[in-house]
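Enquirer: The numbering of the sequence shown is my numbering, which starts it at 234 and goes up by one.
The C-beta atom is built at its ideal place from N, Cα and C for all residues, glycine as well.
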Amino acid sequence: MVLKLWFINPGGFSVKNFSVFNSLRCRLVVPALLVLVFCFPAAPSLAQSSKLNEPVSISAANEPVATVLDRLSRNTGLTFSYNPDQLNTSPRITLNMVRKPLSEVLEAIFNPLNLNFRLNGNQLVIFGPGPEESRPSVQEPAKLLTPVAPQVITRHDTVFLTSTTYLTDTITRTDTVLKFDTVFILKRSADERIGKGQIFSDLSSLEKELTRELRFHAGFTVNWMNGISRFTAGSEYREKLNDYKKAYSNKNISGSLALELMASYNRISAGTGISYASFGERLSYSMQISTGGYFRKDTLDAYYTLAGADTSWFYVMDSTYIPLDLKQYDYRSSVRRNYIEIPLFAQYNLPVGQGLLYFRGGLIAGISSKVSGLYIYTDNDGAGDMKELEMRPIVFSWQLESGMQMPVYPRTSVKAGIMYRRQMQSIYKDFPVETRIDALGISCGILYKI
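Laid out in structure tokens, this is it:
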């Protein structure tokens, strides 16, 4: 008796002829094949089940499915395969899963897109609804043989042909899965996989956010500054102006704390916010005052005869002043000026590596809130309390800043830079010595993508 068996090879279909010499040999071969079919698929099934139960952490915010699968491939070692002509992986998804089973993560990705998947070792095949759903899973060959296994021994050779055909079909299904290698687009080598212990493995470059789409960020910034007052006055107050320049020093630290809201489009950003700023200085002023005293005078008794004039007595007196009381006055004080400020700024972002190099400039409206310390009199000797002076209610300043912004979490980044600011108006109103504050400092902050 001659048996014809169909085998599906990578190159196509082929027919092999086999001769059955006697029923006894067939009855020995078929049970052996059945034992192999029922026993050996169990190990891959257990391995696949263990793989699907592994904990996985991943997050995405309105990102394409292909990008999310690329990140999942790097973190798990899976190789994703699908036919790009049949499946569309460009839709965007949003999810945030922390240490969830791999099967739950895959269902969260594919169920909203009406996609199915099946796992074969480290290969995960993705397919859509249709004929693919009716195909048996690579994990199901044993179920096809279960109903007929008890009856194989008692049937004729034609029954053996049918049973053998099922085994051949099982090999064909495995080969069909391997043929999807021709459309792998997310395949990663083992050397490229990122270890689970690495930090920041789920971060992407901030350059990807520089799109023609409006984005919003919120955060807070801390500035440490070294502030110093700049003084100007008319020529009639030149002496007092020198006293001001010598008496004030920047020995006290200045700083500000700000809340910011920023909108970005491509590489351009603009923003505003509210901040509290405090500028500190030290006043050290000394002066001497003499009270009482007299002029020492010498009288020369002389008689002069002047032609054409009467004879007169002349007294010659020098101008040497001898003080009776000399007093020394020292004025030392901590000077502090506080403002509630509203900034308005524009920013340019330049991609560098995973981060952004930014350049910022803007205006600041400062509302005077509190002052303390001493000031030097301009119309008298000594110093007085600054609260006696009339402060300008709003003082405008300009500011320049440059620094670096880096990601630390999918939605969070930090920034640090150097800033310089200068007041455009005098802080006092109707005071002969104009005072403006300059400050150079370091800026640090955290931004969160809304």
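1) Between the segment 565-577 and the segment 595-607, do at least 3 Cβ pairs fall closer than 8 Å?
2) Could you spell out where the beta strand (DSSP E) holding LYS603 opens and where it closes?
3) Identify every residue that forms a DSSP beta bridge with VAL647.
4) At the level of alpha carbons, what is the spacing between GLY617 and ILE597?
5) Alpha carbon to alpha carbon, how far is LEU447 from LEU622? Give it in angstroms, no decimals.
6) Around the C-beta of GLN632, are 16 or more other C-beta atoms found within 10 angstroms, so that it is buried, or is it exposed?
7) Using only the alpha-carbon positions, how far apart do VAL338 and ILE486 sit?
8) Use the C-beta contact count for SER462: other C-beta atoms within 10 angstroms, 16 or more gives buried, fewer gives exposed.
9) Would you identify the three-state DSSP class for TYR610, choosing helix, strand or coil?
10) Rounded to whole angstroms, how far is the Cβ of ASN286 from the Cβ of LEU335, which I believe are closer than 8 Å?
11) DSSP three-state call for ASP663: helix, strand or coil?
12) Just to confirm the assignment, what range does the beta strand (DSSP E) spanning ASN295 have?
13) Between ILE486 and chain C, is any beta-carbon pair separated by less than 8 Å?
14) Compare the beta carbon distance of ALA466 and VAL666 with 8 Å and say whether it is the shorter of the two.
15) What do you get for ASP563, buried or exposed, if any count of 16 or more other CB atoms within 10 angstroms of its CB means buried?
16) Just to confirm before moving on: does the CB-CB distance between SER203 and ALA293 stay below 8 Å?
17) Between which two residues does the beta strand (DSSP E) carrying ARG332 extend?
18) Please report the Cβ distance between VAL289 and ILE326, rounded to the nearest whole angstrom; I am assuming they are in contact, meaning their Cβ atoms lie under 8 Å.
19) Am I right that GLN656 and LYS648 are in contact with their C-beta atoms under 8 Å? What's the rounded C-beta distance?
20) Is VAL628 buried or exposed, if buried means 16 or more other CB atoms sit within 10 Å of its CB?
21) Quick check on the burial criterion: 16 or more other C-beta atoms within 10 angstroms. Buried or exposed for ASP558?
22) Within the continuous alpha helix (DSSP H) that includes TYR477, where are the two ends?
23) THR465 by DSSP, collapsed to three states: which one?
24) Is DSSP giving ARG445 helix, strand or coil here?
Expert: If we stick to the structure as given:
1) yes
2) By one-based count along the sequence shown, residue 603 stands at place 370. Per DSSP, LYS603 belongs to the beta strand (DSSP E) from 588-605.
3) Mapped onto the sequence shown, residue 647 falls at position 414. Bridge partners of VAL647: MET639 and ILE679.
4) Locating residue 617 in the sequence shown gives position 384, counting from the first residue. Locating residue 597 in the sequence shown gives position 364, counting from the first residue. Spanning the two alpha carbons is a distance of roughly 30 Å.
5) Start at 1 with the first residue of the sequence shown, and residue 622 comes out as number 389. Start at 1 with the first residue of the sequence shown, and residue 447 comes out as number 214. Distance between the alpha carbons of LEU622 and LEU447 is about 47 Å.
6) The count along the sequence shown starts at 1 and reaches residue 632 at position 399. With 16 or more Cβ atoms within 10 Å of its Cβ, GLN632 is classed as buried.
7) For the purposes of this step, residue 338 is taken as the residue at position 105 of the sequence shown. For the purposes of this step, residue 486 is taken as the residue at position 253 of the sequence shown. Taking the straight line joining both Cα atoms gives about 52 Å.
8) Taking the sequence shown and counting its residues from 1, the one referred to as residue 462 is at position 229. When all chains shown are included, SER462 counts as buried.
9) By one-based count along the sequence shown, residue 610 stands at place 377. Coil, per DSSP.
10) Walking along the sequence shown from the start, residue 286 turns up at place 53. Walking along the sequence shown from the start, residue 335 turns up at place 102. Confirmed, about 7 Å.
11) In the sequence shown, the residue the question calls residue 663 occupies position 430. Reduced to three states, the DSSP call for ASP663 is coil.
12) Taking the sequence shown and counting its residues from 1, one reaches residue 295 at position 62. Segment 288-297, the beta strand (DSSP E) holding ASN295.
13) The question asks about chain C, but that chain is absent: this structure has only one protein chain.
14) Looking up residue 466 in the sequence shown gives position 233. Looking up residue 666 in the sequence shown gives position 433. Yes. Within cutoff.
15) Your numbering for residue 563 matches position 330 in the sequence shown. Under this definition ASP563 is an exposed residue.
16) It is not possible to answer for residue 203, since the shown part of the chain is limited to 234 through 683.
17) Sequence index remark: in the sequence shown, residue 332 carries index 99 (1-based). Per DSSP, ARG332 belongs to the beta strand (DSSP E) from 325-334.
18) Taking the sequence shown and counting its residues from 1, the one referred to as residue 289 is at position 56. Taking the sequence shown and counting its residues from 1, the one referred to as residue 326 is at position 93. Contact doesn't hold; Cβ gap of about 15 Å is too wide.
19) As a first step, residue 656 must be located in the sequence shown, where it is residue number 423. As a first step, residue 648 must be located in the sequence shown, where it is residue number 415. Their Cβ separation, rounded to whole angstroms, is 25 Å, which puts GLN656 and LYS648 out of contact at 8 Å.
20) Within the sequence shown, the letter at position 395 stands for residue 628. Buried is the call here.
21) On the sequence shown, position 325 is the one that residue 558 refers to. Exposed, because fewer than 16 other Cβ atoms sit within 10 Å of the Cβ of ASP558.
22) As a position in the sequence shown, residue 477 is number 244, starting the count at 1. Counting along the chain, the alpha helix (DSSP H) containing TYR477 begins and ends at 471-480.
23) Here residue 465 refers to the residue found at position 232 of the sequence shown. THR465: strand per DSSP, three-state reduction.
24) The residue labelled residue 445 in the question sits at position 212 within the sequence shown. Annotated three-state conformation of ARG445 is coil, per DSSP.
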